[in-house]
Each structure stands twice: as structure tokens, then as C-alpha cells.
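If you read the protein sequences in the order shown, they are chains A and B.
Under my numbering, the first residue of the first sequence is numbered 1, with each subsequent residue one higher.
Under my numbering, the first residue of the second sequence is numbered 1001, with each subsequent residue one higher.
Number of protein chains: 2
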Amino acid sequence: MDAVRQINIDKRSATLQGVGGAAGGRPYDFLTDVLRMLGTTLTYRRNEEVFGEGEPSDYVYLVVTGSIRTYKLLADGRRQIAAFCLPGDIFGLDAGETHAFTAEAVERSRLVVTKRSTVLALARRDGAFAGELWQIAAAELERAQAQLLLLGRKNAQERVATFLLEMAERTASSDMIRLPMSRQDIADYLGLTIETVSRTISHLEHDATIALPKSRQIELRDKRALAQLNA
Amino acid sequence: MDAVRQINIDKRSATLQGVGGAAGGRPYDFLTDVLRMLGTTLTYRRNEEVFGEGEPSDYVYLVVTGSIRTYKLLADGRRQIAAFCLPGDIFGLDAGETHAFTAEAVERSRLVVTKRSTVLALARRDGAFAGELWQIAAAELERAQAQLLLLGRKNAQERVATFLLEMAERTASSDMIRLPMSRQDIADYLGLTIETVSRTISHLEHDATIALPKSRQIELRDKRALAQLNA
DNA sequence: CGGGATATTGATTGATTTCAATGTGAGTGG
DNA sequence: CCACTCACATTGAAATCAATCAATATCCCG
């Protein structure tokens, strides 16, 4: 645990009294730095499980490359994907002793892994850093709440439009987006079936709202129209 | 801010390294104590707004009596209720500077209100307390994720069964539950229409799974059957 | 150049929504 | 004390959106 001591605690950027809803940039730079410095890089194959629901939450993960899906299952196999984690995202930092969901690699992914206890030890010594853990959980909560609105109240077109805009925003390649996940993954994220997702995408293509040079590569041609559908 | 100093910081019960998924009891006793000691009690009338989405998050709330709904709206008025807050629950503790949702009193409610800045000041001086804020956000996140599964993948019967069991568990009056909220509120929480909720409840009544002496008072007669539907 | 997984498209079904009455109950005023 | 009223809840019939069932089509990948 001496490695912890070597981190310059004052070099953090987010603090407890800090912004939170900051305009640009990821507000968790300090934790990200910690993970990068102390963590071990692991590679996961496509569809490989990172951890399962109910397993002890011993590690915290930072996505370096690739993408991760987190999900819950019903007894009969119905699946709801809670989030896709993209490069720069942190996941697995549950407050409880066990993970509340399963995490799997969507595609071959490189993750930086650090012991949760290390992060907690650091947080115990630094209130501002502890505040960053809170900010992370709160940001995820806000995302989840937006997803509740989508799942509870939006129709298929609106869900797909919201998803495409979200992906465009997150990958920052604004207009041409690469989808690492299958249609089934998208369906399980949006609470639809694969057929409905496919049909809805086709419909948007006929509208010329989007173009799809390849099934997993989508060009947003009319963001205005998508935004209209978004809410 | 001197009042902060008077709190015995060592009298807390939840700490950063603390349990989280603890069996019984609410794990946020310290924050609850803080709010009770420092807060002002306010009463809200039925349907009165506590705060609106986008307003500055200046205060933190503890429900003493009554119940609160938190929700988001779409532009055309579709509403998704994210949570019902019951006595003992804390809400409004957003990490960001503005609230991500609206909060309203479902019925006449008494709340203890404390300045957010007070809570943050305390957290800055005490890492374990800061950890408690994290635990609260993480617990809410976990609840939201369970709700994602419900909204994305459960049918109407399963949603209602889950809701009834949840209410029974939370009010601890295990078998006879009082519903402070209208059918419309329940519908907007479960992502259904009022008619579907009503029909589903009627169906459960015909099954003798439940009995409803009054429309807002439900007796769970066959929890086994409900649990079956729950997942 | 297969071949298996992934994706699209079509036809049909079905659960939930929508539209439309009707019922019920708590509070009010005659 | 009872009729009235308004909000809330239930029930029924019809419409609709998405799911299901069923073929293809396409794309990687070896």
C-alpha cells in the first residue's frame, strides 16, 4: 500500500466542493490518474466476463480501449444492459461488497485494474478524493435516471434516436459513429427486440436521417431530426 | 457554520470502509443524525413542489412523514417517476449544482431541510462522512439499475408485483400496505398507463393474490405468487 | 470460397394503449 | 343527514405499437 503514498494528492482536479456539472472534460481526473499509475493492464476477449453479478467487488476498472457492457438478467434470461462503458470510463466501483451487475467485454478490450481497497484507502486519507467517488456514483445515477425516462416513456424511434445521439456525443467523432455492440446489445440496452431496432434504423435510413455504410457504422445526416425525436 | 463543529464526528456509524450492503437498518445514520440536528422542519402540501429540475441544489432533504415523488418530464408531458421517498429517506443530495429531477409531495409531508453547503463542509472535514455520501448515491444507483430491468424487460403483471413487494418491504407493515400515491403515480413509476395498472391490480385481486379493502390499501394474500412474478 | 453469426425484412400476433363509459368515495353545502 | 360534486378508479371495446414467428440477406473470418 506504499505506492499510494507516492501519489501527489494535491495534483487532483476534482474536489468535494468542485463543480460536478462541469462543461467539458471528465471530472474524475484524479481517480483516473490513480488507476493509471497503480493499475495493471489486462486484456479481455470479446464476450469475456470481467465480473459477475454477486461476486465480491475487489477491483475497480478503467476502460483504456474497447467497450464493456454492464447488465442484469431475469431468471428466464431476459437481459437489461444498464450501460456501455467506453474508453475513459470507470466501472466496478460499487459501494457494496458485491457487484450489483455483470460486466462483459463487448469487443476485445484493454482495462486498467486496481484493487478497490487501494482506492478506498486513498479516499480515507483524502476527503476531496472521497468526494470524487461520490461524484462518479452521482453522475452514473443521473445517467441511469435519464435511461429510466427512456425505458419507461419513449417509443422505439425515440429510443434509437437518443441512443445514436448519445453514442455520437460520447465518441466525439460527432457525425460518423462506430458501434462496437451488436443489434442484440442495442436492443437489450433500449428495452426493445433486435427486429425493432433493425427496423427503426432502416426507417431512419430511408428518411435520410442517417446513413449506414456498414451495419456497425452510422453516419448522422440530420441531427436536427434526431434531436427532435430525442424528446 | 459553527453548528457543524458541535456534532460529534466520532458518533457516526457508517464509514468509508463500512459495509454498504448491510443486512438490516439504514446505513446512513450519521447523515441522518446531522440532518435531524441541523435541519429545519418544513411541511409541504399534497402535490406541492419541493424543488424543480434544473433549480440550484441548495438543500438536502430528509423525509420525516409523508412521501415524495421524484420525476423527469418529456417535452410533451410524459412523466417518469424515478423514486418514491418514504420516511427515513434522504433526497436532493445531487453532486451537481442543479437538481436533475423534480421533487413533489405525494401527500402532506414533513421534511427536515438542511443547506447542502453544510453537509459538504462536514464531508470536507471528515473522509468517513464523505464516504457516506458516496454510499447514498451508490445505493440509489443500485435501485435505479433494478428499475431499469423492470422498465426494460418486465411485463405489466411483473411490474405491479415488483412494486407491491417493494412497498411492502419498505413500509415494513409487511402484509397490509397503504399506498399514498394515486394510480397515475404508480403508472408513471412503472412505465404503464393508469388503466393497465388498474386492470392488473384487479386481476391480482380476482386471483386472490391480493385483497383491496380500499383502493389505496392492499393486502398481500399470496406473497409466494407475487414473488414468482417478481422475476 | 464457404459457413456461421449477425442483420434485415415480411407477416402475423398480442400485450398494452387509447378511447369511452361507468363506478366509487370523500368532502361540501343545502 | 343526505344529495351533490369532483377527483379518482375501474371496466369495456377498439386501435396500435412492438413482439413474435419466419424467411432471406449480408458480413466477416477462416
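C-beta: ideal position from N, C-alpha, C; glycine also.
Legend entry - When A/Asp94, A/Ala123, A/Arg153 are compared against B/Ile1136, the one with the closest alpha-carbon: If you compare the alpha carbons of A/Asp94, A/Ala123, A/Arg153 with that of B/Ile1136, the shortest gap goes to A/Asp94.
Inset, instruction - Measure from the C-beta of B/Glu1140 to each C-beta in chain A and report whether the shortest distance is under 7 Å. - result: For B/Glu1140, the closest Cβ of chain A is nearer than 7 Å.
Legend entry - A/Glu107 - containing alpha helix (DSSP H), residue span: Counting along the chain, no alpha helix (DSSP H) covers A/Glu107, and no H or E run does either.
Legend entry - Where A/Pro213 falls, given that 16 or more other Cβ within 10 Å makes a residue buried: Classification of A/Pro213: exposed, given that the 10 Å Cβ count is below 16.
Legend entry - Per-residue contacts from B/Leu1148 into chain A (C-beta, under 7 Å): Within chain A, Gln80, Ala82, Ala144, Gln147, Leu148, Leu151 have C-beta atoms less than 7 Å from the C-beta of B/Leu1148, given in sequence order.
Legend entry - Span of the alpha helix (DSSP H), counted from its first residue to its last, around A/Arg125: Taken as a continuous stretch (DSSP letters only), the alpha helix (DSSP H) holding A/Arg125 covers 116–125.
Legend entry - Closest Cα partner of A/Asp58 within the set A/Ala75, A/His99, A/Thr32: Nearest C-alpha to A/Asp58: A/His99.
Legend entry - Backbone CA spacing between B/Tyr1189 and A/Ala130 [nearest angstrom]: Rounded to whole angstroms, the gap between the alpha carbons of B/Tyr1189 and A/Ala130 is 32 Å.
Inset, instruction - Could you give the DSSP three-state label for A/Thr200: helix, strand or coil? - result: In the three-state scheme derived from DSSP, where H, G and I count as helix and E and B as strand, A/Thr200 is classed as helix.
Legend entry - Within 7 Å, strictly: CB atoms of A/Ala105 and A/Ile81: Cβ distance not < 7 Å, so A/Ala105 and A/Ile81 don't count as in contact.
Inset, instruction - Decide if the region 1039–1056 of chain B is in contact with the region 1139–1154 of chain B; the criterion is three or more beta carbon pairs, one per stretch, under 8 Å apart. - result: At 8 Å Cβ cutoff, the stretches do not touch.
Inset, instruction - Please confirm if B/Leu1133 has its CB atom under 7 Å from at least one CB of chain A. - result: With 7 Å as the cut-off, B/Leu1133 counts as an interface residue toward chain A.
Legend entry - Short-range partners of chain A found in the region 1170–1192 of chain B, where Cβ spacing is below 9 Å: Going along the region 1170–1192 of chain B in chain order, one finds Asp1188, Tyr1189, Leu1190, Gly1191, Leu1192 with a Cβ nearer than 9 Å to chain A.
Inset, instruction - May I ask you to verify whether the region 1114–1131 of chain B touches the region 1070–1088 of chain B, counting CB pairs closer than 8 Å and requiring at least 3? - result: Counting C-beta pairs with one atom in each stretch, the region 1114–1131 of chain B and the region 1070–1088 of chain B have fewer than three that are closer than 8 Å, which means they do not touch.
Inset, instruction - Compare the C-alpha of A/Ser182 against each of A/Ala172, A/Leu226, A/Glu169, A/Ser215 and name the closest. - result: The shortest Cα separation from A/Ser182 among A/Ala172, A/Leu226, A/Glu169, A/Ser215 belongs to A/Ser215.
Legend entry - Inter-stretch contact (C-beta, 8 Å, three-pair minimum) for the region 1167–1181 of chain B and the region 160–180 of chain A: They do not touch, by the three-pair rule.
Legend entry - Any C-beta of chain B under 7 Å from that of A/Lys214: At least 7 Å separates the CB of A/Lys214 from every CB of chain B.
Inset, instruction - Take the Cβ of A/Gln132 as the centre, count every other Cβ of all protein chains shown within 10 Å, and call the residue buried at 16 or more, exposed below. - result: Sequence check: residue 132 of chain A is Glu here, not Gln. The residue in question, A/Glu132, is buried, as its Cβ has 16 or more Cβ neighbours within 10 Å.
Inset, instruction - Note the first and the last residue of the continuous beta strand (DSSP E) segment covering A/Glu166. - result: That residue, A/Glu166, is in no beta strand (DSSP E); its alpha helix (DSSP H) goes 156–171.
Legend entry - Beta-carbon proximity list for B/Gln1228, same chain, < 7 Å, skipping 5 on both sides: Once the five neighbours on either side are set aside, B/Gln1228 has no close Cβ partner at all.
Inset, instruction - Please confirm whether A/Leu179 and A/Ala156 have their CB atoms less than 7 Å apart. - result: Taking 7 Å as the Cβ cut-off, A/Leu179 and A/Ala156 do not qualify as a contacting pair.
Inset, instruction - From the DSSP output, in three-state form, read off A/Met306 for me. - result: Residue numbering for chain A in the displayed model covers 1 to 231; residue 306 of chain A lies beyond these limits and cannot be assessed.
Legend entry - 4-residue-minimum alpha helix (DSSP H) runs that sit fully inside the region 1015–1103 of chain B, ordered along the chain: Entirely contained in the region 1015–1103 of chain B, the alpha helix (DSSP H) runs reaching 4 residues are, in chain order, 1029–1038.
Legend entry - CA nearest to the CA of A/Ala139, picked from A/Asn230, A/Val113, A/Ile90, A/Val63: It is A/Ile90.
Legend entry - A/Arg220, DSSP secondary structure in three states: In the sequence as presented, Arg is not what sits at residue 220 of chain A; that position holds Leu. If DSSP states are grouped into helix, strand and coil, A/Leu220 belongs with the strands.
Legend entry - Residue-chain proximity (B/Ala1161, chain A), Cβ-Cβ < 7 Å: No, B/Ala1161 lies away from the interface with chain A (no Cβ there is under 7 Å from its Cβ).
Inset, instruction - Could you name the residues that DSSP lists as bridge partners for A/Ile210? - result: A/Ile210 has A/Leu220 as its beta-bridge partners, per DSSP.
Inset, instruction - Find the residues of chain B that neighbour A/Leu74, judging by a C-beta separation of less than 9 Å, and give them in chain order. - result: Within 9 Å Cβ-Cβ: Leu1149, Arg1153, Lys1154, Glu1158, Ala1231.
Inset, instruction - Could you check which residue in A/Thr32, A/Thr65, A/Glu53, A/Val34 has the C-alpha nearest to that of A/Arg45? - result: Considering only alpha carbons, the answer is A/Thr65.
Inset, instruction - Work out the CA separation of A/Phe101 and A/Val239 for me, nearest whole Å. - result: Since the first residue of chain A shown is 1 and the last is 231, residue 239 of chain A is not available in this structure.
Inset, instruction - Give me the Cβ distance between B/Val1034 and B/Leu1111, rounded to the nearest whole Å; I'm assuming they're in contact under 8 Å. - result: Not quite, the Cβ-Cβ distance comes to about 15 Å (not below 8 Å), so this is no contact.
Inset, instruction - Say whether chain A places a C-beta atom closer than 7 Å to the C-beta of B/Arg1116. - result: When Cβ-Cβ separations below 7 Å define contact, B/Arg1116 makes no contact with chain A.
Inset, instruction - Using 10 angstroms around the beta-carbon of A/Gly52, count the other beta-carbons present and answer buried if the total reaches 16, otherwise exposed. - result: Counting other Cβ atoms within 10 Å of its Cβ, A/Gly52 stays below 16 and is therefore classed as exposed.
Inset, instruction - Output yes if chain B places a C-beta closer than 7 Å to the C-beta of A/Arg46; else output no. - result: No, A/Arg46 does not count as interfacial toward chain B.
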